[in-house]
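Here is the structure we will look at, set down as structure tokens.
Numbering (the working numbering), first residue to last: 5 to 304.
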């Protein structure tokens, strides 16, 4: 089995814990880490501590926003900049909003637009990382984990003969434009069928480039599958055979509650479900809170 994660220096402590959890259950599994901006000492520590492990330098791909810039209209660039700025806090947020509203064609506005495009590209590059990893591992299973997704139980039974890729389905689905929440793409299980795996990833990347909604990489996957198989396929444990680029791809839905539990806000650890993977989001990533929750989950 192979595991893939990605991150930069700010996510190193999560990447390290991610590797610890994988090694506890799969001592011999190959781990691929895509380097979005790790320091040399961080890379060395990962390579020293978690073999077999390979670090792939992906930094230049993160900085290259050419693909996204070429497909973004002037209006879309501006909307992305406003949405990205809304994630910030304090005076800089208010000042940048003023500049974007009053001087949309200024150099400062264009710089803000490029920052937003870089953020979109950073999120979307995980698709290209998965595609690259697919070529490296050959006909073996591959598990993509966001750096903040921690493996706690074996997942061997996920890789059955009746699914080429397994995705995790959100409980409270929204199909709304610019508010599309159907799948959580932070954990993806790929089987050993290389042509099917690559067909899905290639189609997903193409859809991501032209999608104009917020959080486009995750939304693009939903829109791609919705168009190919209809909304009826989005049911837990349902498998649908789709034609993607002339290749039959069997896509299965699994519940987030067991295979990618992320809905931690306002939920105490004692009330977390008995999940295979716990996916830390928001304030749960803060080191002290993260450590406390991990300690509890390891002991229960």
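Even for Gly, the Cβ is constructed at its ideal location relative to N, Cα and C.
Just so you know, these numbers come straight off a predicted model, no measurement behind them.
Asked, Found
"Exposure of residue 304, with buried meaning 16 or more beta-carbon neighbours within 10 Å", "exposed"
"Buried/exposed call for residue 176, threshold 16 Cβ in 10 Å", "exposed"
"Residue 101 (DSSP reduced to helix, strand or coil)", "Low confidence applies here, because residue 101 scores a pLDDT of 47, under 50, leaving its location unreliable; read the following figure in that light. Residue state, collapsed to three classes: helix."
"The region 237-245 in contact with the region 254-265 per 3-pair CB rule at 8 Å", "yes"
"Per DSSP, the bridge partner or partners of residue 220", "For residue 220, which the question treats as bridged, DSSP gives no partner whatsoever."
"Backbone CA spacing between residue 239 and residue 173 [nearest angstrom]", "8 Å"
"Local Cβ density within 10 Å of residue 130, reported as buried at 16 or more and exposed below that", "buried"
"DSSP state of residue 280 mapped onto helix, strand, coil", "coil"
"Length of the line joining the Cα atoms of residue 188 and residue 272", "21 Å"
"Spatial neighbours of residue 102 in its chain, beta-carbon cut-off 8 Å, leaving aside the 5 residues before and after", "Confidence at residue 102 is low in this model, with a pLDDT of 46, below 50, so the placement of that residue is unreliable and no value is reported for it."
"N-terminal and C-terminal residue of the beta strand (DSSP E) that residue 259 is part of", "251-259"
"Buried or exposed (CB count within 10 angstroms, at least 16 for buried), residue 208", "buried"
"Whole-angstrom distance between residue 142 and residue 107, CA atom to CA atom", "Only weak support exists for where residue 107 lies, its pLDDT of 45 falling under 50; the coordinates are left without a value."
"Residue 203 vs residue 139 beta-carbon contact at 7 Å", "no"
"Same chain, Cβ closer than 7 Å to residue 15, neighbours up to 5 away in sequence not counted", "151"
"For residue 154: DSSP bridge partner residues", "282"
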